[in-house]
Amino acid sequence: MSGLRAALDERRFVVTAEVAPPRDADPEAIGRKAAGLRGWVDAANVTDNQGANVRMSSLAGSVLLRQAGIDPVMQLTCRDRNRIALQSDLVGAAAVGIRNVLLLTGDHPTLGDHPDAKPVFDLDGVQLVWTARTLRDDGTLLSGRPLATRPSWLIGTVENPFAPPAALRARRLAKKVAAGAEFVQTQYVFDVDAFARWVGMLRDGGVTERCAVIAGVGPIRSRRMLSFLTGSVPGVHVPEGLRRRLAGVPERRVEEEGMRVCVETIQALAAIDGVRGVHLMVFGHEDEVPDIVRRAGVRPFAELEGRR
Numbered sequence: 270m271s272g273l274r275a276a277l278d279e280r281r282f283v284v285t286a287e288v289a290p291p292r293d294a295d296p297e298a299i300g301r302k303a304a305g306l307r308g309w310v311d312a313a314n315v316t317d318n319q320g321a322n323v324r325m326s327s328l329a330g331s332v333l334l335r336q337a338g339i340d341p342v343m344q345l346t347c348r349d350r351n352r353i354a355l356q357s358d359l360v361g362a363a364a365v366g367i368r369n370v371l372l373l374t375g376d377h378p379t380l381g382d383h384p385d386a387k388p389v390f391d392l393d394g395v396q397l398v399w400t401a402r403t404l405r406d407d408g409t410l411l412s413g414r415p416l417a418t419r420p421s422w423l424i425g426t427v428e429n430p431f432a433p434p435a436a437l438r439a440r441r442l443a444k445k446v447a448a449g450a451e452f453v454q455t456q457y458v459f460d461v462d463a464f465a466r467w468v469g470m471l472r473d474g475g476v477t478e479r480c481a482v483i484a485g486v487g488p489i490r491s492r493r494m495l496s497f498l499t500g501s502v503p504g505v506h507v508p509e510g511l512r513r514r515l516a517g518v519p520e521r522r523v524e525e526e527g528m529r530v531c532v533e534t535i536q537a538l539a540a541i542d543g544v545r546g547v548h549l550m551v552f553g554h555e556d557e558v559p560d561i562v563r564r565a566g567v568r569p570f571a572e573l574e575g576r577r
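Mind the numbering: the sequence shown is residues 270 to 577 in my numbering, read in order.
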């Protein structure tokens with residue numbers, strides 16, 4: 270069984286993180302990143318050519334992460350594959366023991382290092398979620414051909430609560446859950462009050478009973494990073510009060526203040542009915558994860574030590 274599924278079934282507050290595969294064929298890169306996460310997360314995403322930039326495949330990265338002792342969440346996008354290739358990768362992932370998949374539409378190639386690449390988008394994210402559920406629950410391919418051995422996955426999706434209108438985003442997530450999504454990881458949460466209202470919409474619609482909401486969080490390390498997040502990452506909302514707070518400290522202290530904000534945000538999210546965990550986005554700073562989890566106090570330290 271998926272370690273992430275087990276944690277959710279036990280009603281624990283889960284912690285996931287993100288691992289970007291290397292830009293080359295280094296087989297040790299994933300293991301080095303895993304060393305900073307082992308024992309502190311329930312699972313870690315392996316991204317699929319994030320930002321439309323060429324990296325080691327998410328399938329290969331997931332295998333290496335599993336070998337390093339961490340339950341992988343294999344991301345799979347619709348950008349580069351038609352429905353034949355998508356189903357092939359899903360079946361292949363099941364065969365090598367990948368038990369969690371995160372399915373999304375994907376960034377357009379014009380955003381990455383091969384802007385002239387031809388996008389595929391034969392399916393979209395909702396259709397890919399439905400495809401994975403069909404393979405697992407019905408035991409058939411989209412063609413109708415039966416699978417002698419069915420895959421067994423925990424199926425995830427993504428959502429951006431802060432891209433207006435919020436009610437539409439709640440309805441869109443409900444559609445993904447109806448298609449088969451069992452957990453959702455969100456875009457960065459900096460405005461906890463607005464996020465709590467959005468989760469309230471999900472509760473009212475019965476979504477949180479069927480889908481584990483895992484809120485995206487991460488530390489702001491510099492004013493430059495703040496500017497990038499608010500200016501270049503769609504749907505990231507940083508409330509004015511937080512902007513003033515970071516502006517009120519010297520540049521050399523912004524990183525520590527950003528870490529403090531991250532810890533406070535996790536603690537506030539843990540108190541929201543319907544939030545089942547957090548997804549840490551640390552952008553190559555995997556060594557920071559233990560400190561964040563420890564300071565947030567969202568899990569007993571003894572439990573974490575016992576899992577190292």
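Idealized CB from N, CA, C, for every residue including glycine. If you're wondering where the values come from, they're calculated on a predicted model, not measured in any experiment.
- Out of L511, A540 and V284, which has the shortest C-alpha to C-alpha gap to G485? Selected option, being the one with the closest Cα: V284.
- Using only alpha-carbon positions, find the residue among E428, N314 and L328 that is nearest to L273. N314
- Task: Pull up the distance between the alpha-carbon of T231 and that of H383, whole angstroms please.
- Result: Given that the chain is displayed from residue 270 to residue 577, the structure contains no residue 231 and the question cannot be resolved.
- Nonlocal neighbours in the same chain, by C-beta distance under 6 Å from R348, ignoring five residues either side: G375 and P388
- Query: Roughly how many whole angstroms lie between the Cα atoms of A450 and G300?
  - Reply: 29 Å
- Task: Indicate whether L345 and L371 have their beta-carbon atoms separated by less than 9 Å.
- Result: yes
- Query: Between which two residues does the beta strand (DSSP E) containing R335 stretch?
  - Reply: Element bounds for R335: not the beta strand (DSSP E) but the alpha helix (DSSP H), S327 to Q336.
- Message: Quick check on K302: buried or exposed, where buried means 16 or more other Cβ atoms within 10 Å of its Cβ?
- Response: By the 16-neighbour rule on beta-carbons within 10 angstroms, K302 is buried.
- beta strand (DSSP E) containing A286: first to last residue? V283 to V288
- Task: Count the other CB atoms, across all protein chains shown, that sit within 10 Å of the CB of R522; report buried if there are 16 or more and exposed otherwise.
- Result: Exposed: under 16 other Cβ atoms inside 10 Å.
- Quick one, are the C-beta atoms of V453 and L538 less than 9 Å apart? no
- Taking only runs that begin and end inside the segment 365-453, name each unbroken alpha helix (DSSP H) of 4 or more residues, in chain order. 394-402 and 435-448
- Express the C-alpha separation of M494 and M325 in angstroms, rounding to a whole number. 25 Å
- Alpha carbon of A240 to alpha carbon of D385, nearest angstrom: Limits of the chain in this structure are 270 at one end and 577 at the other, which puts residue 240 out of reach.
- Between the segment 325-342 and the segment 400-415, do three or more beta carbon pairs fall short of 8 Å? no
- Message: Taking only three categories from DSSP, how would you classify G553?
- Response: It is coil, neither helix nor strand.
- Nearest-angstrom Cα distance between D473 and W467? Taking the straight line from one Cα to the other gives about 10 Å.
- Straight-line gap, A364 to W422 (C-alpha atoms, nearest Å): 11 Å
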